[in-house]
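**Q** Numbering (this note's numbering), first residue to last: 8 to 289. Heads up, the beta-carbon is just placed ideally off N, CA and C, and yes, glycines get one too. Everything numeric in this text was worked out from a predicted model, so none of it was measured.
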Amino acid sequence: MQKNKIKPLKDLRLLDRFLFAELMEDEECSKEVLEIILGKDISLLSKEQTEKEIRTATWLKSIRLDVYSVDEEGNIYDTEMQQNWRDDLEKRSRYYQGLLDSSLLVPGEQSYNALNDTYIIMIMPFDLFGKGRYQYTVKSFCKEDKEIEIQDGATRIFLNTHGKNKEEVRPELIEFLNYVENTNELQEAMFHSEKVTKIQKAVRQIKSNEEIGVKYMQKWEEIAEARAEGRTEGREEYTLELIRKKQEKGKSLAQIADELEMTEEEVQKILDKYTETIQSQI
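#1: For lysine 214, count neighbouring C-beta atoms within 10 Å of its own C-beta (all shown protein chains included) and say buried if the count is 16 or more, exposed if not.
#2: According to DSSP, simplified to helix, strand and coil, what is tyrosine 141?
#3: Check whether the Cβ atoms of glutamate 268 and isoleucine 230 lie closer than 9 Å to each other.
#4: I need the DSSP call for aspartate 23, collapsed to helix, strand or coil.
#5: Go ahead and pull the three-state DSSP assignment for leucine 51.
#6: Would glutamate 29 and isoleucine 219 qualify as a contact pair, given that the criterion is a beta-carbon distance under 9 Å?
#7: Any chance you could list the alpha helix (DSSP H) runs of at least 4 consecutive residues sitting entirely within the region 86 to 123, in chain order?
#8: Less than 8 Å between the CB atoms is what I'm expecting for leucine 111 and leucine 122, so what's the real figure, rounded?
#9: According to DSSP, simplified to helix, strand and coil, what is isoleucine 128?
#10: Would you mind working out which of Leu52, Tyr223, Met131, Gly81 sits nearest lysine 14, comparing C-alpha positions?
#11: Just confirm the distance between the C-beta atoms of aspartate 159 and serine 147, as a whole number of angstroms; I'd bet it's less than 8 Å.
#12: Would you kindly work out how many angstroms separate the C-alpha atoms of glutamine 254 and lysine 280, rounded to a whole number?
#13: Count the other C-beta atoms from every protein chain shown that fall within 10 angstroms of the C-beta of threonine 168, then say buried if there are 16 or more, exposed otherwise.
#14: Nearest to leucine 247 by CA position, among Lys208, Val274, Ser50, is which residue?
#15: Between isoleucine 181 and lysine 173, which are expected to be in contact by the criterion C-beta below 8 Å, what is the C-beta distance as a whole number of angstroms?
#16: Would you verify that the beta carbon of isoleucine 263 is, or is not, closer than 9 Å to some beta carbon of chain B?
#17: To the nearest angstrom, report how far apart lysine 17 and aspartate 152 are at their CA atoms.
#18: Which partner residues does isoleucine 164 have in the DSSP bridge list?
#19: Which residues in the same chain have their Cβ closer than 6 Å to the Cβ of glutamine 89, if we skip the five residues on either side of it in sequence?
#20: For glutamate 188, which residues of its own chain have a beta-carbon under 6 Å away from its beta-carbon, when the five flanking residues on both sides are left out?
#21: My output table needs one value for serine 37: the three-state DSSP class, helix, strand or coil.
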């Protein structure tokens, strides 16, 4: 059987989730990325969490946040790298916002003013709204009077690496988004932004790190194995075994689906079928 050809670590772009997650594991790099996007200085409170799961009840669909950060003022940032277009991204961001909010209030809290301000950021190599903008910052406004902005502390930012309105956007953000899209072509480029230059240097170090290279190979092999075996007709049992092993390691449904490059519905369907088989034997 012909093996799928692995995309070398050195050829990954920041659009690739693995490379982006490795970059954002570095606290300084994560800070630089957020400052570039927000256009202001921030002080992060703690080390970023990659692939953080949020579930408010066992019967609800969980979410897995790419990069979860908190600053000293209590603001919460969820930064997502969305390489592929989906027709549900707007409502997906709404669902993320809802679950994120519901996880913030501690039991007994009487005031909703205790809710942290939140920023959900999606970086995409396509224009979700088709208006040619690099950045779409979405907040709640009154339809009848656009001067009335709802002060709910929730902000959603959609970034488009293919924007065209250069005169309306900070040059630093344009440099960063261009580097996200063309990471390899710009690996030796000179940038005006010190922050983008630091990110560029960090990416070079990641790509030359042998331990990260091994980690990448292991992840790729796991996915390739699941693709070759788990999705082949008649090999559903193999996929089930992979899923159960991952469950034993404490991984969530969202994490398992992401690692096997399946949808959560596909994973749940296999688990449900297994449960029904066991029940029929009792």
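**A** Walking through what the data contain:
#1: Along the sequence shown, one-based indexing puts residue 214 at 207. Lysine 214 is buried by the Cβ-count criterion.
#2: By 1-based counting over the sequence shown, the position of residue 141 is 134. Of the three classes helix, strand and coil, the one that applies to tyrosine 141 here is coil, per DSSP.
#3: Residue mapping note: residue 268 aligns to position 261 of the sequence shown, counting from 1. Residue mapping note: residue 230 aligns to position 223 of the sequence shown, counting from 1. Yes, Cβ-Cβ distance for glutamate 268 and isoleucine 230 is below 9 Å.
#4: Taking the first residue of the sequence shown as position 1, residue 23 is located at position 16. In the three-state DSSP reduction, aspartate 23 falls in the coil class, being neither helix nor strand.
#5: Residue numbering aside, residue 51 sits at position 44 when the sequence shown is read from its first letter. Strand at leucine 51.
#6: As a working note, residue 29 is residue 22 in the sequence shown. As a working note, residue 219 is residue 212 in the sequence shown. Yes, they are a contact pair.
#7: 96 to 109
#8: Within the sequence shown, numbered from 1, the residue matching residue 111 stands at position 104. Within the sequence shown, numbered from 1, the residue matching residue 122 stands at position 115. Indeed they touch by this definition, with Cβ atoms about 6 Å apart.
#9: For the purposes of this step, residue 128 is identified with residue 121 of the sequence shown, where counting begins at 1. Residue state, collapsed to three classes: strand.
#10: Indexing the sequence shown from 1 puts residue 14 at position 7. Cα-wise, what sits closest to lysine 14 is Tyr223.
#11: By one-based count along the sequence shown, residue 159 stands at place 152. By one-based count along the sequence shown, residue 147 stands at place 140. That pair is a contact at about 6 Å.
#12: Walking along the sequence shown from the start, residue 254 turns up at place 247. Walking along the sequence shown from the start, residue 280 turns up at place 273. Cα-Cα distance, rounded: 16 Å.
#13: Sequence index remark: in the sequence shown, residue 168 carries index 161 (1-based). Burial is judged here by how many other beta carbons sit within 10 angstroms of a residue's own beta carbon; threonine 168 has at least 16 and is buried.
#14: Numbered from its first residue, the sequence shown carries residue 247 at position 240. Nearest of Lys208, Val274, Ser50 to leucine 247, Cα basis: Val274.
#15: One-based indexing of the sequence shown puts residue 181 at position 174. One-based indexing of the sequence shown puts residue 173 at position 166. Between lysine 173 and isoleucine 181 the Cβ distance is about 6 Å, and since that is below 8 Å, they are a contact.
#16: No chain B is part of this structure, which consists of one protein chain only.
#17: Walking along the sequence shown from the start, residue 17 turns up at place 10. Walking along the sequence shown from the start, residue 152 turns up at place 145. Looking at the two C-alpha atoms, the distance is approximately 51 Å.
#18: In the sequence shown, the residue the question calls residue 164 occupies position 157. Note: isoleucine 164 sits in a beta bridge opposite Ile128, Thr144.
#19: Mapped onto the sequence shown, residue 89 falls at position 82. Closer than 6 Å at the Cβ level, and outside the excluded window around glutamine 89, lie Met129, Met131.
#20: Counting from 1 along the sequence shown, the entry for residue 188 is found at position 181. For glutamate 188, where only same-chain residues beyond five positions count, the Cβ hits under 6 Å are Pro132, Thr168.
#21: By one-based count along the sequence shown, residue 37 stands at place 30. Of the three classes helix, strand and coil, the one that applies to serine 37 here is helix, per DSSP.
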